[in-house]
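Residues 0 to 803 in numbering that gives the first Met the number 0 are what the sequence shown spells out, letter by letter.
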Amino acid sequence: MSRFVRLILFCVISLCWFGSLRGEDVRLSQPPTPIGRRILRFDTWNQMVFHIQNRSESDAEFVVASFFDDEPQQQYGARVWVPAKSTRGGWFLLKTPPAKNPLEDVEPKDFQTLVLGGDGSNEVAVASDNDRRLHSGYVRNAKWSSPVLLISDPADTTNVKVAEIFALLRKQDAHLLRQGDFPYSAMAYDGLQTVILASERIGSSSRALEALREWVYGGGTLWIQLEKTGEGVANALLSDDASVSVVDKLELMRTEIEQAPGSTLIYPRKRIDLEKPLPVWRVVSHGLDPLIHFDDWPAFFVQRHGRGAVFLTTFDGEILFEQQSFQERAQIQPVRPTLLGQILRDEIQPSNDLKESEESRWPEFARQYIGYQVTSKATVFTILALFCLFIMVLGVWSWMTHDFARAFWIAPGIAILTTTALLVVGSQSRATVKSPHAQVQFAMVDREGQTRIQGGRAVFRLSADQDEIVLNEDGSLSFSDELRGAPARALRTDENLQVWNNLNLPSGPETSELVVYRERAPVQAEFTLNRDGLIGQIQGGGVDDFREGMLLFPSGSRSNLRRDPQGRLLSTSEDVLAEGEYLAQAILDQRGQWKRDLMQSVLSGSQRFPQTIQAFYWGAPIPLDFGSDPPEDVVGDVLFQIPVELKRPAPGTEFALPSPLLYFESIPHPSWGASTVYRNRDRTWTETTIPESRTTLRVSLPRELAPLEISSLAIRLDLRVPQREVKIFTVSEEFEDRLLTTLDSPVGQFDLELVSSDELRGDPDNIVTLLIHVGSVPDLEDLNPNTTSWQIERFSIQGRAKSL
0 MSRFVRLILF CVISLCWFGS LRGEDVRLSQ PPTPIGRRIL RFDTWNQMVF HIQNRSESDA
60 EFVVASFFDD EPQQQYGARV WVPAKSTRGG WFLLKTPPAK NPLEDVEPKD FQTLVLGGDG
120 SNEVAVASDN DRRLHSGYVR NAKWSSPVLL ISDPADTTNV KVAEIFALLR KQDAHLLRQG
180 DFPYSAMAYD GLQTVILASE RIGSSSRALE ALREWVYGGG TLWIQLEKTG EGVANALLSD
240 DASVSVVDKL ELMRTEIEQA PGSTLIYPRK RIDLEKPLPV WRVVSHGLDP LIHFDDWPAF
300 FVQRHGRGAV FLTTFDGEIL FEQQSFQERA QIQPVRPTLL GQILRDEIQP SNDLKESEES
360 RWPEFARQYI GYQVTSKATV FTILALFCLF IMVLGVWSWM THDFARAFWI APGIAILTTT
420 ALLVVGSQSR ATVKSPHAQV QFAMVDREGQ TRIQGGRAVF RLSADQDEIV LNEDGSLSFS
480 DELRGAPARA LRTDENLQVW NNLNLPSGPE TSELVVYRER APVQAEFTLN RDGLIGQIQG
540 GGVDDFREGM LLFPSGSRSN LRRDPQGRLL STSEDVLAEG EYLAQAILDQ RGQWKRDLMQ
600 SVLSGSQRFP QTIQAFYWGA PIPLDFGSDP PEDVVGDVLF QIPVELKRPA PGTEFALPSP
660 LLYFESIPHP SWGASTVYRN RDRTWTETTI PESRTTLRVS LPRELAPLEI SSLAIRLDLR
720 VPQREVKIFT VSEEFEDRLL TTLDSPVGQF DLELVSSDEL RGDPDNIVTL LIHVGSVPDL
780 EDLNPNTTSW QIERFSIQGR AKSL
C-alpha cells in the first residue's frame, strides 16, 4: 500500500510542476475606462485608465491587455510593475473599431481585459476575484463627430456654455474632462480638432503638457484661457520663442473692443456695457500675434506652431455668449453667441464645410490573431481531482483483488494521459518569445532641433526568419509574416514608451534607409580652448546617456571625445585617433565592430572632410514610431551627429592648438611649382616615389579663434628617405625661403619646434608656410628601388597660442 501512496504523491507533484498554472493575488479594480469617462468616437485612439492591486508578499510585473469582441485579433494594453501589497494606476491607448453607419451604430462596444503575469519567459492569464480571468467592459460611442474637448475645473459652468457654442452649431459633440488624469500621449487627442484649456491642473504633469504641445505641433488647435490656466501653464504650452507676462488684473464694467492693428480678423470698433464685472488680465507678450484689443490692450492672440495653432485669451468667457432668461433656461434653449463669440469661434474653429478631411496621422498597428484561450483554475483542479480519485479507486480495487501487478502497469499509464491533458490545457497560456536585439542607428541633428534618423542599418535578432523591411509613406515600418499564434500588442511601459510586442523583425544585418523626423530640443556642441586642448559641452537635451564621442575636423583628422566627472567634454592632442581608427578602444568586441562599421559608412567619401568641425557621440537608441521589444530587452547604440560652435577664448588666455585643429594644404610655389607627392583632394601622401620633390604647405586654423598670437608650433614628421637629404624651410609672404633644418637620410620620426615671431603669423588663414625639399638620389653604381625610393608617411603640427 505504501508503494501506491508514494506513486500518488509523485504523480501529483509532477502534474503540478508540468501544468505550471497558478493563481495570483491580483485584483483589477474595474475594467479600463476612457479618461474622463467620456464618449468615444469611432475609429480613433483614446486613452484608457485602470488600477491594479498586488496583494502578494513580493513585487510583480503584469500586462493588462484589452481587446474588442468584434476585433479579437488586436490587443491594446500596458506593462506595469506593482510593488508588494500596493495598488498602481496605469493607462494605455485603445483604438475604437470603425462603424459602418455612425448615426445608427451607437450601441456600447464590449471589450474584454486580461491580466497576464509570469516569470519573464512565460505569460499566464492570472485570476482575479471570484476566479475571473476575463474582465468585461464597454465604451460608449458618439453619434456625432467630437472635435471639441474642454479641460476645465469641476465647478466651472461658464466654459461648458463656451464649448456648446463651438460644438452644437457645428452638429458636433463637446467632450468634458474635469477630473482624473490627463492624456499622456498626443495620440490620445486623435479625432479632436479643438482643445479648450480652462484649468491649471494640467501644469502638475510635464508629460501631459508635452503630449498636448506635440498634438498642437502635429496639426491641432489649442485655445488657452489665461485667466483659468495662469501664466506658467500658458508659457509651457507656447513655443520656445513665445511668452506672455501678466501686468495686472482688472474687472471691467465697460470696455471698448476693436481689432488689433495689422490683424486680418475683422471686428468693428464697439463699446460694450456689461451687467457684471468682467475679469480681464492685461499682459505683455513676445512672439504672439494680437488679433483683438480691449481698451487698447491686446486680449486675443494667436501663434502658429508647426501645423497647428495656439490661441490665447485674457478675459472671462461670459462675454462670448448672451445671457439667457429664466424661461430660456427652463426650456433648455441652446446658448447664443455674441458677436465676439461668433468671431472667436470662426477664427479658432473654421466651418467643416471649408476644411478638407485629413487622413489619420497615426500608423496602423500590425494585426494578428490572439491564438489562445484563457484557462480557468477550476479546470486544472478538476483534472487533478479526477486523477487522484481514480488512483484511490484503483488502489482499493487492487487491494481487494490482490492484483497488484495489473495496477502497477495501469497507474503510470493513467498518470501519463492526465499529464498530457494538463499540458494541452497549459499550452493555451502562450509562451512569450523573448527576442533581445541590438539596434544601431545614425541620427543627424540640425540647429533647429530636427533629428533625421537612419535606422535599421544593423538589426540582429534571435529569430532565424529572413524578412524584408518595407518603409511606408509616413515613415513607419511595415512587418510581414508575423509570429503565428501570438497577439500583436500595443503596449505602454512605465517609462512612457510605446512598444509593439511579438513582431517579427528581420534577423541578420539589414541596410534599409529608414528616415524618421522627430522634434527634439535644439542641440549643438560648444567648444573653446584651454591649455590642454578643446573643452566644451553639449547644449540641449538628450545627452544624459553620453557614452563616447569623436570630433571630425576639415583636415580629415579624428579625435576621441570623452567626458570628465564634471560633465565637460574634452579632446586633447593625446586623444588624436590614428588613420583607420574610429573608437578609442584597443580591442573591439562585436558591438564595437558594429559601431566601427557604421562610422566607416557614415564617414565615407566626401563626408570624410567636412567644411566645419563635426561632433559625433554614441548614446542609447532613440524610441521610434515603430515597434520594438520592451526597453529592458533592447541593447544598442545611436550615433548622433550634431553641429559644433567654436568660441574664441577670452582675451589673454593661453591655449593649446591640437594637431587636428590645424589644417594644412599644398600650394604652388612661384619657383618650384606644385607638389607631386601630396594630394589635397584626399589629404594623403604618395606611398613611394623616387624623383626629387618640393612640397609647399600652408598651415591655417579656424577663423573663429582670431585675433591671436602664435607662441610656438611643434612639427612631427614620419619619414623614410634613405640615402637622401631632406631640407625644411619657412616661406615668407613674399615666398622667400629660410632654411630651418637639414636631415641626412632620415628614417623614423623627427620633431621640429618653431618659436620665432618672424616665422609665425597671426593670420588664421596662413599662420606659417613650410617648404619640404627631398633631394635627388646620389650617383650610385647600383640603383636599387628598395634603397632609393622614399616616402613621407605622416606630417602633423600642433602648437600653443594666446588670445588677443
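Beta carbons are placed, not taken as given, at the ideal position from N, Cα and C, and that holds for glycine.
Quick one, are the C-beta atoms of residue i and residue j less than 7 Å apart?
| i | j | result |
| --- | --- | --- |
| D288 | V301 | yes |
| M549 | F615 | yes |
| D544 | A655 | no |
| A259 | H292 | yes |
| P97 | D58 | no |
| P657 | G532 | yes |
| T86 | L39 | no |
| P701 | L528 | no |
| V282 | V243 | yes |
| G307 | G218 | yes |
| L176 | I150 | yes |
| D295 | T254 | no |
| Q74 | F66 | yes |
| V776 | V720 | no |
| F181 | S198 | no |
| I641 | V522 | yes |
| D736 | F728 | yes |
Going by beta carbon distance, what residues of the same chain come within less than 8 Å of residue i, once the five residues before and after it are set aside?
| i | result |
| --- | --- |
| Q341 | none |
| Q536 | A524, E525, G566, R567, L568 |
| I409 | L393 |
Expressed to the nearest angstrom, what Euclidean distance is found between the alpha-carbon atoms of residue i and residue j?
| i | j | result |
| --- | --- | --- |
| D743 | Y677 | 21 Å |
| S755 | L739 | 11 Å |
| F110 | E70 | 9 Å |
| H436 | K594 | Unreliable positioning characterises H436 in this predicted model, as indicated by a pLDDT of 39, which lies under 50. The coordinate reading is nonetheless provided below. Going from the Cα of H436 to the Cα of K594 covers about 15 Å. |
| K646 | I534 | 10 Å |
| I390 | F49 | 45 Å |
| D750 | S711 | 13 Å |
| I318 | N45 | 33 Å |
| L290 | R344 | 13 Å |
| L311 | L148 | 16 Å |
| A185 | L92 | 10 Å |
| K108 | D189 | 18 Å |
| Q52 | R78 | 14 Å |
| G798 | L196 | 60 Å |
| I771 | K726 | 6 Å |
Give every residue of the same chain whose Cβ lies closer than 6 Å to the Cβ of residue i, excluding the five residues on either side of it in the sequence, and list them in chain order.
| i | result |
| --- | --- |
| L251 | L277, V279 |
| V125 | E23, V25, V114, G116 |
| W671 | R693 |
| D574 | S558, N559 |
| T768 | R697, V730 |
| R715 | D750, S795 |
| R561 | L569 |
| F386 | T417 |
| D28 | Note on residue identity: the sequence assigns Ser, not Asp, to residue 28. Answer for S28: H50, listed in chain order. |
Pick from the options: whose alpha carbon is nearest that of residue i?
| i | options | result |
| --- | --- | --- |
| P690 | A259, T787, W671 | T787 |
| R607 | K275, G566, N679, I390 | N679 |
| F552 | R561, A583, E708, T611 | T611 |
| D757 | I415, D189, I709 | I709 |
| F61 | D68, I34, W90, R562 | W90 |
| T652 | E106, T381, A800 | A800 |
| D239 | H304, P33, R561, I766 | H304 |
| I382 | I415, L718, V776 | I415 |
| P82 | R54, G76, I791 | R54 |
| T687 | I791, Q29, L225 | I791 |
| V138 | P31, S674, A241 | P31 |
Looking at chain C, is there any beta carbon in it that lies within less than 7 Å of the beta carbon of residue i?
| i | result |
| --- | --- |
| I291 | The structure shown has no chain C; it contains just one protein chain. |
Excluding the five sequence neighbours on either side, which residues of its own chain have a C-beta within less than 7 Å of the C-beta of residue i, listed in chain order?
| i | result |
| --- | --- |
| L236 | L208, L211, R212, L221, I223, V309 |
| L704 | R647, P763 |
| L587 | R595 |
| L803 | P650, P706, L707, E708 |
Curious, which full-length beta strand (DSSP E) runs of at least 3 residues does the stretch 650 to 684 contain?
-> 653 to 656, 662 to 665
Please specify which runs of the beta strand (DSSP E), each continuous and at least 3 residues long, are wholly inside the stretch 185 to 215, giving them in chain order.
-> 193 to 197
Which ranges does the alpha helix (DSSP H) cover as unbroken runs of at least 4 residues, wholly within the stretch 539 to 611, from first to last along the chain?
-> 589 to 601
Entirely enclosed beta strand (DSSP E) segments - the stretch 40 to 77, minimum 3 residues | 44 to 53, 59 to 67
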